[in-house]
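Going letter by letter, the sequence shown gives residues 207 to 326 in the working numbering. Glycine included, C-beta positions come from ideal geometry on N, C-alpha and C. One structure is given here, and the rest of the page talks about it.
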Amino acid sequence: MPVSLTLFLAAMAASLMVSGAAAIAALREPALGLKPLWALLALTGLGGAALVPAVPGAFYWFLGMALPTASFSAAAGSWQPEVLRVLFPFGALAVLVRIAVHRRRQRVSRGRDGALAGRR
Numbered sequence: 207m208p209v210s211l212t213l214f215l216a217a218m219a220a221s222l223m224v225s226g227a228a229a230i231a232a233l234r235e236p237a238l239g240l241k242p243l244w245a246l247l248a249l250t251g252l253g254g255a256a257l258v259p260a261v262p263g264a265f266y267w268f269l270g271m272a273l274p275t276a277s278f279s280a281a282a283g284s285w286q287p288e289v290l291r292v293l294f295p296f297g298a299l300a301v302l303v304r305i306a307v308h309r310r311r312q313r314v315s316r317g318r319d320g321a322l323a324g325r326r
């Protein structure tokens, strides 16, 4: 297997893992509103590359949006992929930023509540 194909498959796996981890984190985050929508956004990719396994050295860069972040299209009646596609997990990064902001707001609000309770 050519090195470029191996690296491309590793990028596909990494993109799917980051997206899956962000979706699970969104669903498990306590008090986060609209959890299903955040989880769906985590699985969305934006911009990426495509590879034809018959010509493993040639990458085709494109701008697009898709769900999930990694996929393949096969020939009719076959499981052999004609085109492998991986997208940058932009939705996952947006969800992880949203979770970080949510946690910071929760921490600040708990700090204010504790400070107000101490003054009484």
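Exposure label - residue i; buried when at least 16 CB within 10 Å
| i | result |
| --- | --- |
| W267 | exposed |
| M327 | Lying outside 207 to 326, the shown extent of the chain, residue 327 is not represented and no answer is given. |
| L247 | buried |
| V303 | exposed |
| T275 | buried |
| M218 | buried |
| S279 | exposed |
As assigned by DSSP and simplified to three states, the class of residue i
| i | result |
| --- | --- |
| A217 | helix |
| W285 | coil |
| M223 | helix |
| G263 | strand |
| L269 | strand |
| L252 | strand |
Of the listed residues the options, nearest to residue i (C-alpha basis)
| i | options | result |
| --- | --- | --- |
| S225 | S210, I305, A245, R291 | A245 |
| L273 | G263, R291, R234, V209 | R291 |
| V258 | Q312, R311, Q286 | Q286 |
| L299 | V261, M223, R310 | M223 |
Cβ shell of residue i (< 7 Å), same chain only, five flanking positions each side left out
| i | result |
| --- | --- |
| F294 | G251, L252, G253, G254 |
| A232 | L238, K241, W244, A245, A248, V301, I305 |
| A229 | A245, A248, L249 |
Nearest-angstrom beta carbon gap, residue j and residue i [assumed within contact, 8 Å]
| i | j | result |
| --- | --- | --- |
| V289 | A256 | 5 Å |
Contact set for residue i: own chain, Cβ-Cβ below 8 Å, skip 5 residues either direction
| i | result |
| --- | --- |
| H308 | E235, A237, L238 |
| S227 | It should be pointed out that residue 227 corresponds to Ala in this sequence rather than to Ser. Within the same chain, A227 has close Cβ partners A298. |
| L215 | L290 |
Contacts around residue i, its chain only, beta-carbon distance under 6 Å, and the 5 residues preceding and following it disregarded
| i | result |
| --- | --- |
| S221 | T275, A276, V292, P295 |
| G297 | L247, A248, T250 |
| G317 | none |
Residue i beta carbon near the ligand ADP (any heavy atom closer than 6 Å)
| i | result |
| --- | --- |
| R316 | Within the structure as shown, the ligand ADP is missing, as the structure has no ligands at all. |
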